[in-house]
Every structure is written in structure tokens, then in C-alpha cells.
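Here's the structure we're looking at; comments come further down.
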Amino acid sequence: MSPVLVWFRQDLRVADNPALHAACEAGDPVYPLFIWAPEEEDAWAPASASRVWLHHSLAALDEALRGLGSALTIRTGPSLATIAAFACEVGAQRVYWNRRYEPAAVERDSALKRALADTGIEARSFKAALLFEPHEVRTNAGEPFRVFTPFWRQCLKQPEPEAPLPTPRRIPAPARRPASRGLAELKLLPRVDWAGGIRHSWRIGEAGAREALHRFLDEGIDGYTQRRDRPDLDGVSRLSPHLHFGEVSPRQVWAAVCAREREAGRMSLSASAAGYLRQLGWREFAHHLLFHFRATPARPLREEYAAFPWLDDAYQLECWQRGRTGYPIVDAGMRELWTTGWMHNRVRMIVASFLVKDLLVHWRHGARWFWDTLVDADLANNTLGWQWTAGCGADAAPYFRIFNPVSQAERFDPHGSYVRKWVPELARLPDRHLHSPWRAPDDVLAAAGVRLGADYPLPMVEHDLARQRALDAWQRMRSTRR
DNA sequence: TGAAATGTTGGGGCG
DNA sequence: ACGCCCCAACATTTC
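The structure is reproduced here in C-alpha cells:
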């Protein structure tokens, strides 16, 4: 008998779980373990919305494990001491886990591996969260990639991602269940329950992830390239939180998309399927960048941007956070985020551009707010997204690419149904005035029951002026560099 | 995975 | 018939 610990982190699933699968192979007792150690995540411990998700996802994992004859043991950190004590307690000589790629996790895990080896415990880690390991994809010069397209081309030249592993038929259980903390003791749920919108918007856990994937394959993927930029339509997979917590693996998504294309009788991937897989590619790219450029959560990859003259007005930041900027598409997005823990990606770009360029608030404040409020908050994706918007990251939008919140709204929410859903006080405005109510004639506003400045704010900045101000600030940064 | 400013072209109205 | 202007449509440049 050689018991083995399986340390769960961001891989809260039983299907296609390499660490769990390997642990079950020999028939020795398996101890599924989760350790709550937020202080080990540097400044990026799971925040409010993520904790809600984590709570329910752990409950779902425990249930799935029980269905397989096992159960989840919950302990609190620090990780090293907890694992060492647990291994000693149950006589385990082996600890298996699936790899993470955040700087703090990488550092902690490798220290842990060494420390365990010193005490004669075998530690093995597995690839589970990504299709391609960040250190295995390199430019011809042996450097990490900084541009997405060549990165993804290189990935597609690699051997095809492995087929997903099956769920273990049974998880060998020890004779005696080890002591576990109760999930409630972790206090992941808020004391004042504001999380109803999140619970209502999602089915959290592995079964919910599978359901979302199949819904998307059945009714979403065919029109993906046409519909993916339309927040008013139901055109995206909404898999991001499930992927973040590892309730579904990118390998499973990859395999399911390819299988569906074969069923549809296609010889090669449709544009929509390829376009969707390319989005998984952005996720891979984000992890590649975070792994190789570890300071980027706090510092711009393009160092000249460290000198950018941000304004950082706390009141303006708060208007943005609360969805009271006076730009309907921005406010709709920020309110969708606050209510559901998620925002459509096109709208993320619009609100991010507004914060960083129209308000000149440092992208780190935006990144932090997203970190607190998104159920899919992911350090790699969040960092890439904000540095992309701010123009200071890898393959970033040039700084002068400034979104016009009105024309973006007119293009991507043409009938206004997205704005009407999240900014109901404007719902009765006609389409042509909905996205720019300050330009509506008084009688139109009156007929729609809107008093600007009372029912809905006036624009906090004038976009044309704000745009020019941002370009000026950028010029100033460029001249101080010399 | 922009937007605005500027330049070019070509059709039509008009004297 | 011709030159001229206007302007929309499209292309290019610039931020």
C-alpha cells in the first residue's frame, strides 16, 4: 500500500485530470486534498467574486468525488507544512498535482517539490491547465514570444493536444476518512449575501462547465465569428470561469470542438471553429507571457510606459466602477459585471479603453477592480487584457487606438438591447439616441422619462476632448523618454 | 481586436 | 461641349 495525495488547486474536475488519473492507476489509496492558503498568492489571492465561485466549485468537486467513492479533504495553509503533515498522517510517499503558471505559484510549488524530495516524498506535477507548456514554445531565436500570431502559428505546429483522460471509474479510498475542515469554515461566501446575481447567472462546477460547453457547441459555435463581438446576442461560450477553475480543461474543449467538426462532416475546421480555438490560443498566450515576464501583473512590459502621466482620480474611478460614467455602453458593462461577475469581451475592451484613455486612470486600478469582481478573474488573462488596452503590453494595441464608446456601441449593440437590459432607466429612448442620450432633443428625453443629471448622469468627460488629452499625455511620455 | 483627418476620385448639376 | 463646383464614397495617412 502506497497512499498518494492529490493536491487540487485550479483543476476542480474529475474528468481529464492528469494528477488524479495517475494517482488512481495503481489502486493505492488516494487522498484528494484542497488547501486554502490565500496568503501564498502574492497580491492576487482569490477575491470576492472568485471566492463565491470557489466555494460552490469545491462543493461540486466534493460531491463528484463522493460519487466515485472518495471525498475531498479541506485544510488550511501554509501549503508545505500542511502537505508534509498530511502525508505523515496518512503515510503517503507521493504527492501529485497539476501545474499552475502564476509567478507566486511557480515559486511556491518548486520550493515545495524540493522540500518534499528532501523528506523522501515523491512530488509529481502534470500539465492540465494548458494545451502547450509555456517553456516548450519558443521563437527560432529561443526567446519567448511577444506577438500573438507567430506564437499561435508555432503552437499549431506542435503535436496536436493529447486526447482528454477519462474520469476514473472509482477512486481507491482509504479505510478511514481523514479529518477535514468544513467548507463553510473557509468563509468564502460574503457575510452579506450580494452573490445572488452570480448564483443565478451560472451553474458552477464541472457539470455546469460540461453543460455550457455543449450548449455552445450545439447552438453557438457555427455563427461564432459573426456573433462573438455582439454583447446583445448569446454568441460566446461563457466558459471563462469554468476554465479558470479547471472545471473543464482546454484539452476537453479542443477535443469537443474537433469532434463536432468531424460530425458535421468537415474535412478541416470551419472559420468559426478555428476562430474559437484561436481564443483558447489567447489564453495560452497570456499564460506564456505571465510565465516568462513575471513582473507584468504590476509593471508594464514596455518599460517606457512606467513614465506615463496618469491622473488617477479616485472619484472618476468610482464612477466607472459603479456604472455611472454617462456613457451607456460603459455603464451597461460595468453593471453586468457587478451583477453577474462577468462581462462580454467586446464590452471589456470598451470599458477598459474608457478608464485608461478617456479617464487616464492607471490600468492597474482597472485590473484590480476586475480581479475583485470577475468570476473568471485570472492573473494571466487579466494582465494581458489590461496591458493590451493600455498599449503597454506584448502585441498591444498602439496607444493611439482609442475606442469611441458611442460608435462602438452603435456597431456592436445596434438595436440597443444590451444597453436597455443593464441601463433600464434609458430603456424608453429610441435606438438612435440610446447610445448618446446627451445629444437627444429635450422632447425626446422627456417622452422617454429621462432627466439627464438626475435619472442618468451626464457624460463625465467629453470623448473628443478626452481622446485628445490622452494623445497629448502619450506624446508627453514619449518626449520625457529622450 | 480604431478613429479622425486628410486626400482622391468620379458622377451630377449648373452656367 | 466644357469647366467648375459640390459632395459622397472610398483610400490613405496620422494620431
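Reading the first sequence from the start, the letters are residues 64 to 545 in the numbering used here. Glycine included, every Cβ here is placed at the ideal spot set by N, Cα and C. A quick note: this is a predicted structure, and the numbers were derived from the prediction, not measured.
Cα-Cα separation between residue i and residue j, rounded to whole angstroms
i	j	result
Ala-533	Gly-429	17 Å
Trp-99	Arg-427	26 Å
Glu-170	Gly-328	46 Å
Ser-65	Glu-152	13 Å
Ala-358	Leu-128	37 Å
Glu-367	Ser-470	30 Å
Arg-409	Ala-180	47 Å
Ser-111	Pro-81	29 Å
Ile-392	Gly-205	43 Å
Gln-221	Ser-335	21 Å
Val-77	Arg-411	32 Å
Ala-322	Glu-104	37 Å
His-84	Arg-163	17 Å
Asn-161	Val-69	9 Å
Trp-107	Thr-139	17 Å
Lys-250	Ala-440	19 Å
Pro-487	Gln-384	18 Å
His-425	Gly-396	19 Å
Pro-294	Ala-148	49 Å
Glu-347	Gln-217	12 Å
Leu-437	Ala-275	18 Å
Gly-283	His-198	33 Å
Pro-520	Gly-344	39 Å
Phe-417	Asn-467	8 Å
Met-540	Tyr-462	11 Å
Phe-208	Trp-405	29 Å
Ala-369	Gln-156	48 Å
Ala-242	Glu-165	30 Å
Pro-141	Val-115	21 Å
Ala-247	Pro-101	16 Å
Gly-386	Gly-260	16 Å
His-305	Pro-504	45 Å
Gln-342	Ala-178	37 Å
Ser-303	Arg-233	29 Å
Trp-215	Phe-71	29 Å
Opposing strand residues paired with residue i [DSSP bridges]
i	result
Tyr-390	Tyr-390 is not bridged to any residue.
Tyr-287	Answer is none; Tyr-287 lacks a bridge partner.
Val-93	Val-67
Tyr-519	Leu-515
Pro-436	The displayed chain sequence assigns Thr, not Pro, to residue 436. None, per the DSSP bridge assignment.
Trp-99	Thr-139
With 16 other Cβ atoms within 10 Å as the buried cut-off, status of residue i
i	result
Met-523	buried
Gln-289	exposed
Thr-543	exposed
Asp-74	buried
Ala-150	buried
Met-330	exposed
Ala-174	exposed
Val-158	buried
Val-200	buried
Glu-399	buried
Asp-281	exposed
Ala-529	buried
Val-210	exposed
Glu-457	Note that residue 457 is Ala in the sequence shown, not Glu. Buried: at least 16 other Cβ atoms inside 10 Å.
Glu-324	buried
Val-255	exposed
Gly-298	buried
Asp-535	exposed
Gly-389	buried
Asp-527	exposed
Gly-309	buried
Trp-257	exposed
Asp-375	exposed
Problem set entry | Validate contact between the segment 356 to 371 and the segment 453 to 460 using beta carbons, cut 8 Å, 3 pairs | yes
With a cut-off of 8 Å, do at least 3 Cβ pairs link the segment 258 to 271 to the segment 122 to 130? yes
Could I get the ranges of all uninterrupted beta strand (DSSP E) runs contained in the segment 164 to 248, with 3 residues as the minimum, in chain order? 185 to 189
* State whether the segment 475 to 482 contacts the segment 376 to 383, with contact taken as three or more CB pairs (one from each stretch) at a distance under 8 Å. => no
**Message:** Taking contact to mean 3 or more Cβ pairs, one atom from each stretch, closer than 8 Å, check whether the segment 128 to 148 and the segment 256 to 265 are in contact.
**Reply:** no
Q.
Whether or not the segment 229 to 240 and the segment 90 to 105 are in contact is what I'm after, with contact meaning three or more pairs of Cβ atoms, one per stretch, closer than 8 Å; do they touch?
A. yes
Note to self: Below 8 Å, how does it come out for the segment 431 to 448 and the segment 498 to 513: are there three or more Cβ pairs, yes or no?
What the structure shows: no
Notebook entry, point to check: What are the complete alpha helix (DSSP H) segments, minimum 4 residues, inside the segment 103 to 173?
Noted result: 111 to 130 and 142 to 153
- Do the segment 308 to 316 and the segment 180 to 193 make contact, defined as three or more Cβ pairs closer than 8 Å? yes
Check: Which ranges does the alpha helix (DSSP H) cover as unbroken runs of at least 4 residues, wholly within the segment 350 to 415, from first to last along the chain?
Finding: 377 to 385 and 391 to 403
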